[in-house]
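Protein chains in written order, with the numbering used here: chain A, 1 to 520; chain B, 1 to 351.
C-beta: ideal position from N, C-alpha, C; glycine also.
Dropping the structure here:
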């Protein structure tokens, strides 16, 4: 218990302050947890390792959590990992349940964060050994499983898959990077585009463009007559919030937290896959998924618990293999190298004090995040009460600043924002679906790298089926996921048909009765 | 009224004087050709890597010495080159390592000849950690075993990141095999991967027999028990013996300098022909926009000469397992051009 002497007031203040700043970063579209940690990284010099870690872990937890705010209220994922939060959060906010949605998100987040911290603390070295059993083949299959959500996410499966494929295609523009073991050559573009598109489109400007800018364009088309975003809606409508929402959803909460932790601990699979995968599994395994995507709390629970569980998960390979689990922990590793501390398989046994300090900071940051957000939500949710003609220009400005800042000042990222804003608008106009497109975009390039690398390493297609028992289990899950989507598709079509015949039937009766139902 | 006018005049002139003296102070602080905010871009996107770490050490000292606001940005090679291309005022500088010319020698997209396109600035330090490792239970005890096995027609797979620092040792090994066992060199096969974690994973999966790594990233793996799937063993450090001898005696982690010296020449010999041994030190240096004011080059050279003369930076660098290696721009440019010529030969030999 010697580490207790290292914990002073400053330590807790820094962790709490980090969580607060992180939430703000996460909530501004375009600013991410990674950026917050990167900006504050040099401070670790002045603060010393333990205080520095408290600040950075606070930023990490806060940054991941803050993304839920714009996702729910404005349909803009504040961070890539909160993309699935928009699916149910925004419809809820439109129904006037923004505050309720955010409270569900906060509780799911803190539970996810704490479960993953517990897993990290108890099983880190064990899980690290398990994670290295995932080679290129298994990682490809995990991504394929996450991609299979496309099939069940869309209202028409064919259009969904088509949109997803366009997303994947867009993600392949640019070079096959040398740092991924590729040849560094560009493809899917003309020569004159090379200076701009060498590394392809940046993820975040695409995300903010497709979700944020296109939503604003669609709203602009309607005109600003109504004044408020949701004029007639009182924020607290919907019976308020009570913990009973979580009744019967504990399995979802725990399962999603485990999925988040698990995806987090696989280096290179990335944060967005965690929430997408948890969302897919909830959609597949729950008894009634018909409301998911239309404003169901269970979607929020899956998405937010998984993306916060990522924090503990991504620290597993960092602290027990020396390999960061996601982009934020890749920056976090800098705090150790700047202090001359090696992270590797012997980090935990050789630095027990630092290890305990980190765990304390992680748990404390989660708790601070919870209290800060839970009690601030009432006020934050009022954002939707700001008149459109004031709110939208502010959002556009924030989006532009965020897009420009994401790669430290590349103007093309701002153009990307505009291009994808218009594209997102057109896509919705012609009836394609945005969510599968963006999931395809996020996961496409990773899928490619792992697919090519698997073939390069093993030289045969059959390896995808025979590599290991893990691969077979993953295939089972993929098949189940797709089958489920097909069955659900047929069922909902049958239901629609039935409703249609009923409606036509009742209209006929109604017209026979001389328009008596007109006031309905 | 008159009094207040006079008062106003006095106050006004006092304010003017104060403003002038303040601006004079500012001007004095930035009287060199380098002024404003300086952004130092680096050729790596990682803030946990050696380029960021070393650049931060140097840039912090430089910023203090020149009294300027300087910041290191980990933007990655292609972005860094492009950013440097755009700014000839001197507000963007770049720090990178041998990858900058090796990328060109290997014909990697986005890498031009740095000696033609940029001004090569001073060298700063060496990272002596470039290493090759095998699984702890590998049948190959030494690099000689590997050379001999390949010479006997055995296929040995080496996981590297193609097109640069990670590949140069592989190329040298292939060249050595071509010299010692002509015609057998194709049995040494490169497995192209990306990050260090990918290379490690290839070893864990049994998809590679040897991997490129670093002392910093892999040292802990070499201390795991042999029955651990993750356990590894160093077989070769590409650094010169001289370089490792300058490292702190305690080495890195729990591997002492003495132990590290076992894996460098002359204990490990990779021939380049004519009794010459191949060595490779990964060196960090500045790169400038070609049209940048030469006075800035001189200013940075002078500032770094002063910093290195004080000796504090060397301590910081050594503590972080870097070997200080400051050479002013002219000397550095000539030295690096020679270095490039050496490696160009190896690469063309095995093509």
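Checklist entry - Residues in its own chain within less than 6 Å of residue 339(A) by CB, not counting five upstream and five downstream? => result Here the question's residue 339(A) lines up with position 339 in the first chain. The residues are 49.
Item to check | Reduced DSSP secondary structure (H/G/I, E/B, other) of residue 125(B) | outcome: Numbered from 1 along the second chain, position 125 holds the residue referred to as residue 125(B). Here residue 125(B) sits in strand by DSSP.
Checklist entry - What alpha helix (DSSP H) runs, 4 residues minimum, are completely inside the segment 262–337 of chain A? => result 271–285, 297–321
Next on the checklist: One question on the structure: do residue 471(A) and residue 147(A) come within less than 8 Å of each other, judged by their Cβ atoms?
Outcome noted: Indexing the first chain from 1 puts residue 471(A) at position 471. Indexing the first chain from 1 puts residue 147(A) at position 147. No, Cβ-Cβ distance for residue 471(A) and residue 147(A) is not below 8 Å.
Item to check | Boundaries (first-last residue) of the alpha helix (DSSP H) holding residue 142(B) | outcome: By one-based count along the second chain, residue 142(B) stands at place 142. No alpha helix (DSSP H) holds residue 142(B); DSSP gives it neither H nor E.
Checklist entry - So which residues on chain A does residue 221(B) lean against when the C-beta distance must stay under 7 Å? => result Numbered from 1 along the second chain, position 221 holds the residue referred to as residue 221(B). What residue 221(B) touches in chain A: 344, 345.
Item to check | Collapsed DSSP secondary structure at residue 31(A) in the structure displayed | outcome: The residue you call residue 31(A) lines up with position 31 of the first chain. Coil.
Next on the checklist: Any C-beta of chain B within less than 9 Å: which residues of the segment 197–209 of chain A qualify?
Outcome noted: 198, 199
Item to check | Assigned exposure category for residue 387(A) - 16 Cβ within 10 Å defines buried | outcome: Numbered from 1 along the first chain, position 387 holds the residue referred to as residue 387(A). Burial call: exposed.
Checklist entry - According to DSSP, which residues form a beta bridge with residue 119(B)? => result By 1-based counting over the second chain, the position of residue 119(B) is 119. The partner list for residue 119(B) (beta bridge, DSSP) reads 288(B).
Checklist entry - residue 97(B) lies in the beta strand (DSSP E); which residues open and close that run? => result Your numbering for residue 97(B) matches position 97 in the second chain. Its beta strand (DSSP E) spans residues 92–97.
Checklist entry - So what's residue 382(A) in DSSP terms, helix, strand or just coil? => result Translated into positions along the first chain, residue 382(A) becomes position 382. Residue 382(A) falls in the helix class under three-state DSSP.
Item to check | Close beta carbons around residue 213(B), own chain, < 6 Å, minus the five adjacent residues each side | outcome: Within the second chain, numbered from 1, the residue matching residue 213(B) stands at position 213. Taken in chain order, the residues that qualify are 131, 133.
Next on the checklist: residue 287(B) and residue 96(B) - do their beta-carbons sit closer together than 8 Å?
Outcome noted: On the second chain, residue 96(B) is found 96 positions in, with the first residue counted as 1. On the second chain, residue 287(B) is found 287 positions in, with the first residue counted as 1. The answer is yes: Cβ separation under 8 Å.
Next on the checklist: Please list, in chain order, the chain B residues whose beta carbon lies closer than 9 Å to that of residue 331(A).
Outcome noted: Position 331 of the first chain, counted from the first residue, corresponds to residue 331(A). By Cβ distance, chain B contributes 46, 47, 48, 74.
Next on the checklist: For residue 498(A) and residue 244(A), I'd like the C-alpha separation in whole angstroms.
Outcome noted: Here residue 498(A) is taken as the residue at index 498 of the first chain, counted from 1. Here residue 244(A) is taken as the residue at index 244 of the first chain, counted from 1. Their Cα atoms are separated by approximately 33 Å.
Next on the checklist: Which same chain residues end up closer than 6 Å to residue 246(B) when comparing Cβ atoms and leaving out the 5 residues on each side of it in sequence?
Outcome noted: Position 246 of the second chain holds residue 246(B). Once the five neighbours on either side are set aside, the close Cβ partners of residue 246(B) are 323.
Item to check | Separation of residue 18(A) from residue 45(B), as counted between CA atoms | outcome: Position 45 of the second chain, counting from 1, holds the residue named residue 45(B). Position 18 of the first chain, counting from 1, holds the residue named residue 18(A). Cα to Cα, residue 45(B) sits roughly 23 Å from residue 18(A).
Item to check | Reduced DSSP secondary structure (H/G/I, E/B, other) of residue 195(A) | outcome: One-based indexing of the first chain puts residue 195(A) at position 195. Residue 195(A) falls in the helix class under three-state DSSP.
Checklist entry - For residue 32(B), which of 326(B), 299(B), 337(B), 311(B) has the nearest alpha-carbon? => result Taking the first residue of the second chain as 1, we reach residue 32(B) at position 32. Nearest of 326(B), 299(B), 337(B), 311(B) to residue 32(B), Cα basis: 299(B).
Next on the checklist: So residue 102(A) and residue 69(A) are supposed to be a Cβ contact under 8 Å. How far apart are they, rounded?
Outcome noted: The residue given as residue 102(A) occupies position 102 in the first chain. The residue given as residue 69(A) occupies position 69 in the first chain. Indeed they touch by this definition, with Cβ atoms about 7 Å apart.
Checklist entry - Which residue comes first and which comes last in the alpha helix (DSSP H) that contains residue 42(A)? => result What you label residue 42(A) is simply residue 42 of the first chain in a count that begins at 1. No alpha helix (DSSP H) holds residue 42(A); DSSP gives it neither H nor E.
Checklist entry - For the segment 49–71 of chain B, which residues have a beta carbon sitting closer than 7 Å to at least one beta carbon of chain A? => result 52, 53, 56
Next on the checklist: I'd like to know whether the C-beta of residue 209(B) is nearer than 8 Å to at least one C-beta of chain A.
Outcome noted: Locating residue 209(B) in the second chain gives position 209, counting from the first residue. Chain A contact via Cβ: absent.
Item to check | residue 138(B) (DSSP reduced to helix, strand or coil) | outcome: Your numbering for residue 138(B) matches position 138 in the second chain. Reduced to three states, the DSSP call for residue 138(B) is coil.
Next on the checklist: If distances are taken between C-alpha atoms only, which option among 356(A), 419(A), 130(A), 90(A) comes closest to residue 204(A)?
Outcome noted: Here residue 204(A) corresponds to residue number 204 of the first chain, with the count starting at 1. Residue 204(A) has its Cα closest to that of 419(A), out of 356(A), 419(A), 130(A), 90(A).
Checklist entry - Which chain A residues are close to residue 253(B), counting only those with a beta carbon under 7 Å from its beta carbon? => result As a working mapping, residue 253(B) is identified with position 253 in the second chain. Going along chain A in sequence order, the residues near residue 253(B) (Cβ under 7 Å) are 342.
Item to check | Limits of the unbroken beta strand (DSSP E) element including residue 74(B) | outcome: Reading the second chain from its first residue, position 74 is the one you call residue 74(B). Start and end: 69–74.
Item to check | Assumed close pair residue 231(B), residue 224(B) - CB separation to whole angstroms, cut-off 8 Å | outcome: For the purposes of this step, residue 231(B) is identified with residue 231 of the second chain, where counting begins at 1. For the purposes of this step, residue 224(B) is identified with residue 224 of the second chain, where counting begins at 1. Indeed they touch by this definition, with Cβ atoms about 4 Å apart.
Next on the checklist: By alpha-carbon positions, which one of 91(B), 128(B), 99(B), 308(B) ends up nearest to residue 43(B)?
Outcome noted: The residue labelled residue 43(B) in the question sits at position 43 within the second chain. When only C-alpha atoms are compared, the closest one is 99(B).
Checklist entry - DSSP on residue 397(A), reduced to helix/strand/coil? => result The residue you call residue 397(A) lines up with position 397 of the first chain. The answer is helix: DSSP assigns residue 397(A) an H, G or I state.
Next on the checklist: Distance check for residue 480(A) and residue 79(B), CA to CA, integer angstroms please.
Outcome noted: If you number the second chain from 1, residue 79(B) lands on position 79. If you number the first chain from 1, residue 480(A) lands on position 480. Roughly 43 Å separates the two Cα atoms.
Next on the checklist: Against chain B, does residue 267(A) count as a neighbour if the rule is that its beta carbon must be under 8 Å from one of theirs?
Outcome noted: On the first chain, residue 267(A) is found 267 positions in, with the first residue counted as 1. So yes, residue 267(A) belongs to the interface.
Next on the checklist: Following a CB-centred definition, is residue 335(A) positioned closer than 7 Å to any heavy atom of the ligand GTP?
Outcome noted: The ligand GTP is not part of the structure shown, which contains no ligands of any sort.
Item to check | alpha helix (DSSP H) segments (min. 4 residues) lying fully within the segment 265–313 of chain B | outcome: 294–310
Next on the checklist: Check whether chain A comes within 8 Å of residue 98(B), counting only Cβ atoms and requiring the distance to be less than that.
Outcome noted: For the purposes of this step, residue 98(B) is identified with residue 98 of the second chain, where counting begins at 1. No, no contact with chain A.
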